[in-house]
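Using my numbering, you'd call the opening residue of the sequence shown number 1056 and step up by one each time. Beta carbons are placed, not taken as given, at the ideal position from N, Cα and C, and that holds for glycine. Worksheet: the structure to be examined is printed underneath.
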Amino acid sequence: MSPHHLKINPDKTELLLFPGKDLLTQDLTVNFGNSVLTPTLTAKNLGVTLDSQLSLTPNITATTRSCRYTLYNIRRIRPLLTQKAAQVLIQALVISRLDYCNSLLAGLPATAIPPLQLIQNAAARLVFNLPKFSHTTPLLRSLHWLPVAARIQFKTLVLTYHAANGSGPAYIQDMVKPDIPTRTLRSASAKLLVPPSLRAKHLTRSRLFAVPAPKWWSELSEDTRTAESLHIFRRKLKTHLFRLD
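Listed below in structure tokens is the structure:
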């Protein structure tokens, strides 16, 4: 940590384990300076609440709680705001919170996403100052907001684009490999990625970035995958995801 000018604070240090199914951790303790650390159920890192099963349920709960409180406060001053001002405020304080590190949610069961979608729906209604049970699909389209599940896919594919073009973090580039045919084929210019191995698909924790990223990437058109710049890729990707919705 010294090269980054950081110092460990033992009083604020937590121990979180991600055990295999055969690993017993009930009596595990770690001596750390003058402190004795025992495993905790959850720990926060860079604003994300992690749990030992990597279900991210505590993080989703914390996100929805924070967003509900923010929406409550904005609702109190909504009569004083124009629609444009309300949209800017909600995008800055609520939608950005839903988007923060949302690629970690890729591969979660579909049942995990609805609490976040309910927050986005409430945010859209508040922008237009509409009643609680107003239909939100046309509101989201009017605001050019992708639904939460599509936003997760969008973020994952943007990271994949960086990795496929050699501009992403090394640890992500290592997880996605270009599919290079052994013979000269027309598909060689399609910029496809190596699909995950059978073993990777059947891992107990198969939510590795390397599993959904190549799959979603292959579902894009060649024109989108080979976009000349990130700006063009993002625009084409958003159009693609809106068409799927």
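Nearest to residue i by alpha carbon, out of the options?
i	options	result
ALA1117	LEU1212, VAL1149 and TRP1272	VAL1149
LEU1163	GLU1283, ILE1115, GLY1102 and PRO1250	ILE1115
ILE1207	ASN1157, PRO1186 and HIS1199	ASN1157
LYS1301	LEU1072, ARG1123, VAL1085 and ASP1234	This structure cannot speak to residue 1301, because the chain is shown only from 1056 to 1300.
DSSP on residue i, reduced to helix/strand/coil?
i	result
LYS1270	helix
THR1104	strand
LEU1258	Confidence at LEU1258 is low in this model, with a pLDDT of 48, below 50, so its placement is unreliable and no value can be given for it.
PRO1224	coil
LEU1096	coil
TYR1155	coil
LEU1070	strand
Taking only the alpha-carbon atoms, compute the straight-line gap between residue i and residue j and give it to the nearest angstrom.
i	j	result
LEU1083	THR1093	6 Å
ASN1327	GLU1069	The question about residue 1327 has no answer, for the chain in this structure spans 1056 to 1300.
LEU1159	ALA1140	30 Å
ASP1066	PHE1087	10 Å
TYR1127	SER1057	42 Å
TYR1226	PHE1209	19 Å
ALA1219	VAL1182	37 Å
LEU1258	LEU1136	Because the pLDDT of LEU1258 is 48, which lies under 50, any placement of that residue in the model is unreliable, and the question is left without a value.
ARG1133	ILE1168	27 Å
PHE1288	ALA1282	5 Å
Are residue i and residue j touching if we call contact CB-CB under 8 Å?
i	j	result
LEU1153	VAL1203	yes
LEU1212	TRP1272	yes
LEU1195	THR1119	no
LEU1109	ALA1205	no
Return the Cβ separation of residue i and residue j in integer angstroms, given the expectation that the two are a contact with Cβ distance under 8 Å.
i	j	result
THR1192	ALA1268	That pair is no contact at about 27 Å.
THR1112	LEU1105	Contact flag wrong, Cβ pair sits at about 11 Å.
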